[in-house]
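Working notes for the structure below.
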Amino acid sequence: KFEIASGDSLSSLFGQVGLNDGDLFTLLNSSAEAKVLNRIYPGYKLEFNIPATGRLEQLRVLKTPLEGYLFTRNDSGYSVDTIIKTPEIRQTFKVGTISDSLFLAGKREQIPATTIMEMANIFGGVIDFILDPRTGDEFSILYEEKYLDGEFIGHGEILASRFVNQGKVFTAVRFIDNEGEVGYYNPEGESMRKAFLRSPLDVFRISSNFNPSRRHPVLNTIRAHKGTDYAAPTGTPIRATSDGRVTFSGRKGSFGNLVIVKHSGGFETKYAHLNKFGAYKKGARVRQGDIIGYVGSTGSATGPHLHYEFLVNGVHQNPRTIVDKLPKARSVDPAQLQRFKSQTAGLVEQFNALAAQGEKPALLTLAQ
Numbered sequence: 001k002f003e004i005a006s007g008d009s010l011s012s013l014f015g016q017v018g019l020n021d022g023d024l025f026t027l028l029n030s031s032a033e034a035k036v037l038n039r040i041y042p043g044y045k046l047e048f049n050i051p052a053t054g055r056l057e058q059l060r061v062l063k064t065p066l067e068g069y070l071f072t073r074n075d076s077g078y079s080v081d082t083i084i085k086t087p088e089i090r091q092t093f094k095v096g097t098i099s100d101s102l103f104l105a106g107k108r109e110q111i112p113a114t115t116i117m118e119m120a121n122i123f124g125g126v127i128d129f130i131l132d133p134r135t136g137d138e139f140s141i142l143y144e145e146k147y148l149d150g151e152f153i154g155h156g157e158i159l160a161s162r163f164v165n166q167g168k169v170f171t172a173v174r175f176i177d178n179e180g181e182v183g184y185y186n187p188e189g190e191s192m193r194k195a196f197l198r199s200p201l202d203v204f205r206i207s208s209n210f211n212p213s214r215r216h217p218v219l220n221t222i223r224a225h226k227g228t229d230y231a232a233p234t235g236t237p238i239r240a241t242s243d244g245r246v247t248f249s250g251r252k253g254s255f256g257n258l259v260i261v262k263h264s265g266g267f268e269t270k271y272a273h274l275n276k277f278g279a280y281k282k283g284a285r286v287r288q289g290d291i292i293g294y295v296g297s298t299g300s301a302t303g304p305h306l307h308y309e310f311l312v313n314g315v316h317q318n319p320r321t322i323v324d325k326l327p328k329a330r331s332v333d334p335a336q337l338q339r340f341k342s343q344t345a346g347l348v349e350q351f352n353a354l355a356a357q358g359e360k361p362a363l364l365t366l367a368q
């Protein structure tokens, strides 16, 4: 068995198991499907079956634990079969309490970093995970784990989650509509995806880069009357907080490197002191969450941070409060509300039962 590493070649791997380039040539030219071997990447796993004859009888190529190819010797060369395995899905329920940062709280509960990041993204329209969390805040999460032949192979989807921020309860359940689109909604069927993200920075990036001994992942947060300053390590990715068009990308006085995005409805956001820009130039369309730049200390900044401004019809507004006044997010289509209720009812019941076992208040009440 071999795992492909950077710089490996099929020729060298064949040589390591006692095969030669002629054997490789025979395999590659046995069928059109065998050409997939011309595109192997680091992380692929190869399993050779070579009996006492010294001939290659079978070669198993796994792109992932769940998919790959099986080459089997026959009279004309080798046949190729596609390998597709279905994992066993198990559900895991975890509860955590904030005493420093969301990232570290999740780590203490042995919740995968990618799952915590996804949870932060789900609630990103209602919670600024950099500025809002307080010591004592709680979260609960029900998510999937994947197993193959009894062995853990990876994490799956978040099914439901709750976050209690300063006493306010936010809830989310996963829903797949009749077109196959996946989204997260509160129990009333309102989308968790809001018009604007609460924060232009990814809390996961900040939390994982700051010294874990610090009480809070962000230092010296300053709330200015014309915006919010987020202290963060140089190079931290900056996200567009909503869909829009880049109207400025360049250097501008005390702002240093600046990106301005114009959004529909008379909204505009500014991102200043960037170390470098993302791939979006003036005139480019951006989607919510796109990386438009990276934290720096250009212009009048005395240290690495992002200066973020939010304007409505040219007038500065407090980005920390204005998002609460924006139009509500779209809800589940009334025609699909029954589908929503039937699809999430069992999930709601299960989550509440798990929450009760953990002596936590029940999270979800299904829409009537």
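Quick note: full-length UniProt numbering has the sequence shown finishing at residue 368, numbered continuously throughout.
Quick reminder that beta carbons are idealized off the backbone N, C-alpha and C, glycines included.
*F351: which of R174, R339, A301 and L19 sits nearest, CA to CA?*
Within the sequence shown, residue 351 is the residue found at index 351, counting from 1. Measuring from the Cα of F351, the nearest candidate turns out to be R174.
*Identify which residue in H273, A355 and T344 has its Cα closest to the Cα of E309.*
The sequence position of residue 309 within the sequence shown is 309, counting from 1. It is H273 whose Cα lies nearest to the Cα of E309.
_Proximity of residue 373 and F267 at Cβ, strictly below 8 Å_ = Limits of the chain in this structure are 1 at one end and 368 at the other, which puts residue 373 out of reach.
_Exposure of S300, with buried meaning 16 or more beta-carbon neighbours within 10 Å_ = Reading the sequence shown from its first residue, position 300 is the one you call residue 300. Per the 10 Å Cβ criterion, exposed.
*Residue interval of the alpha helix (DSSP H) (run including I116)*: As a first step, residue 116 must be located in the sequence shown, where it is residue number 116. In this chain, the alpha helix (DSSP H) harbouring I116 covers A113 to I122.
_Can you find the residues in the same chain that come closer than 8 Å, C-beta to C-beta, to Q336, ignoring five residues on each side of it along the sequence?_
Within the sequence shown, residue 336 is the residue found at index 336, counting from 1. In the same chain as Q336, and ignoring 5 residues on each side of it, the C-beta atoms closer than 8 Å to its own belong to D177 and N178, in chain order.
_Tell me whether the stretch 107 to 118 and the stretch 44 to 54 touch, counting them as touching only if at least three CB pairs, one residue from each stretch, are closer than 8 Å._
At 8 Å Cβ cutoff, the stretches do not touch.
_Helix, strand or coil at K1 [DSSP, three-state]_ = Against the sequence shown, residue 1 aligns to sequence position 1. K1 falls in the coil class under three-state DSSP.
_Quick check on this structure: which residue in I127, Y147, G303 and F255 has the alpha carbon closest to the alpha carbon of T92?_
Position 92 of the sequence shown, counted from the start, is the residue given in the question as residue 92. Looking from the CA of T92, the closest CA among I127, Y147, G303 and F255 belongs to Y147.
*By how many angstroms is the C-alpha of P200 removed from the C-alpha of R320?*
In the sequence shown, counting from the first residue as 1, residue 320 sits at position 320. In the sequence shown, counting from the first residue as 1, residue 200 sits at position 200. Near 11 Å, if we compare the C-alpha coordinates of P200 and R320.
*In the structure shown, what three-state DSSP assignment does F129 receive?*
In the sequence shown, the residue the question calls residue 129 occupies position 129. Coil at F129, not helix or strand.
*With distances taken Cα to Cα, identify the nearest neighbour of I153 among P65, R287, S31 and S30.*
In the sequence shown, counting from the first residue as 1, residue 153 sits at position 153. Taking only the C-alpha atoms, the option nearest I153 is P65.
*Sort H316, V246, G253 and G250 by Cα distance to K262 and report the nearest one.*
Reading the sequence shown from its first residue, position 262 is the one you call residue 262. Taking only the C-alpha atoms, the option nearest K262 is V246.
*Out of curiosity, what's the CA-to-CA distance linking T269 and S9?*
By 1-based counting over the sequence shown, the position of residue 269 is 269. By 1-based counting over the sequence shown, the position of residue 9 is 9. In this structure, the straight-line span from the alpha carbon of T269 to that of S9 is close to 49 Å.
*asked:* As a quick exercise: from V259, K226 and K252, pick the residue whose alpha carbon is nearest that of A240.
replied: Start at 1 with the first residue of the sequence shown, and residue 240 comes out as number 240. Checked all of V259, K226 and K252; the closest Cα to A240 is V259.
*Given a threshold of 16 other Cβ atoms within 10 Å of its Cβ, counted over all protein chains shown, does R228 qualify as buried or as exposed?*
To locate residue 228, count along the sequence shown from 1; it is residue 228. The sequence as given places Thr at residue 228; Arg does not occur at that position. By the 10 Å Cβ count, T228 comes out buried.
*When you compare only the Cα positions, how much space is there between D243 and R55?*
Here residue 243 corresponds to residue number 243 of the sequence shown, with the count starting at 1. Here residue 55 corresponds to residue number 55 of the sequence shown, with the count starting at 1. Each residue's Cα considered, the two are about 58 Å apart.
*If you run the structure through DSSP and keep just helix, strand and coil, what is V182?*
Numbered from its first residue, the sequence shown carries residue 182 at position 182. The answer is strand: DSSP assigns V182 an E or B state.
*Can you tell me the Cα-Cα spacing of F123 and S12, whole angstroms?*
Here residue 123 refers to the residue found at position 123 when the sequence shown is read from its first residue. Here residue 12 refers to the residue found at position 12 when the sequence shown is read from its first residue. One Cα belongs to F123, the other to S12, and the distance between them is close to 48 Å.
*Comparing alpha-carbon positions, which option in N20, E33, G125 and G15 lies nearest K325?*
Residue mapping note: residue 325 aligns to position 325 of the sequence shown, counting from 1. It is G125 whose Cα lies nearest to the Cα of K325.
_On the DSSP letters alone, give me the boundaries of the alpha helix (DSSP H) that G346 sits inside._
As a working note, residue 346 is residue 346 in the sequence shown. Unbroken alpha helix (DSSP H) run through G346: L337 to Q357.
*A353: buried (16+ other C-beta within 10 angstroms of its C-beta) or exposed?*
On the sequence shown, position 353 is the one that residue 353 refers to. The C-beta of A353 has fewer than 16 other C-beta atoms within 10 Å across all chains shown, which makes the residue exposed.
*Give the single residue among G96, R134 and T135 whose Cα lies nearest to the Cα of I116.*
Along the sequence shown, one-based indexing puts residue 116 at 116. Comparing Cα-Cα distances from I116 to each of G96, R134 and T135, the minimum goes to G96.
*Under the rule that 16 or more other beta-carbon atoms within 10 Å means buried, what is I356, buried or exposed?*
On the sequence shown, position 356 is the one that residue 356 refers to. One detail in the question is off: residue 356 reads as Ala in this sequence, not Ile. Residue environment for A356: exposed (fewer than 16 other C-beta atoms within 10 angstroms of its C-beta).
*Looking at the unbroken beta strand (DSSP E) that takes in L10, where does it start and where does it end?*
Along the sequence shown, read from residue 1 onward, the residue named residue 10 stands at position 10. Element bounds for L10: not the beta strand (DSSP E) but the alpha helix (DSSP H), L10 to Q16.
*asked:* Is the beta carbon of L59 closer than 8 Å to that of G68?
replied: Working through the sequence shown from its first residue, we reach residue 68 at position 68. Working through the sequence shown from its first residue, we reach residue 59 at position 59. No, the Cβ-Cβ distance between G68 and L59 is not below 8 Å.
_Considering just the uninterrupted stretch of the alpha helix (DSSP H) at F196, what are its terminal residues?_
As a working note, residue 196 is residue 196 in the sequence shown. DSSP places F196 outside any alpha helix (DSSP H), giving it a letter other than H or E.
_Would you call the stretch 161 to 173 in contact with the stretch 134 to 150, where contact means no fewer than 3 C-beta pairs closer than 8 Å?_
The stretch 161 to 173 makes contact with the stretch 134 to 150; the number of CB pairs closer than 8 Å reaches 3 or more.
*Give the single residue among T72, G7 and T53 whose Cα lies nearest to the Cα of I40.*
Looking up residue 40 in the sequence shown gives position 40. Ranked by Cα distance from I40, the first of T72, G7 and T53 is G7.
*asked:* Give me the residue from K341, F196 and A113 with the minimum Cα distance to Y185.
replied: As a working note, residue 185 is residue 185 in the sequence shown. For Y185, the nearest C-alpha among the options comes from K341.
_Restricting to Cα atoms, I'd like to know which of G256, H155 and V286 is closest to E145._
Residue 145 sits at position 145 when you count from the first residue of the sequence shown. Nearest of G256, H155 and V286 to E145, Cα basis: H155.
*Run through DSSP, which three-state label would G314 get?*
In the sequence shown, residue 314 corresponds to position 314, counting from 1. In the structure shown, the three-state DSSP call for G314 is coil.
*For T234, which residues from the same chain have a beta carbon less than 8 Å from its beta carbon, with the 5 sequence-adjacent residues on both sides left out?*
Position 234 of the sequence shown, counted from the first residue, corresponds to residue 234. Excluding positions up to five away in sequence, the list reads N275, Y294, V295, G296, S297 and P304.
*Taking the alpha carbon of H322 as the point to measure from, which residue in N74, K226 and D75 has its own alpha carbon closest?*
Taking the first residue of the sequence shown as 1, we reach residue 322 at position 322. A quick correction: the sequence has Ile, not His, at residue 322. Among N74, K226 and D75, the Cα nearest to that of I322 is on K226.
*Limits of the unbroken beta strand (DSSP E) element including T82*: On the sequence shown, residue 82 is found 82 positions in, with the first residue counted as 1. It spans G77 to I84 - the beta strand (DSSP E) in which T82 sits, taken as one unbroken run.
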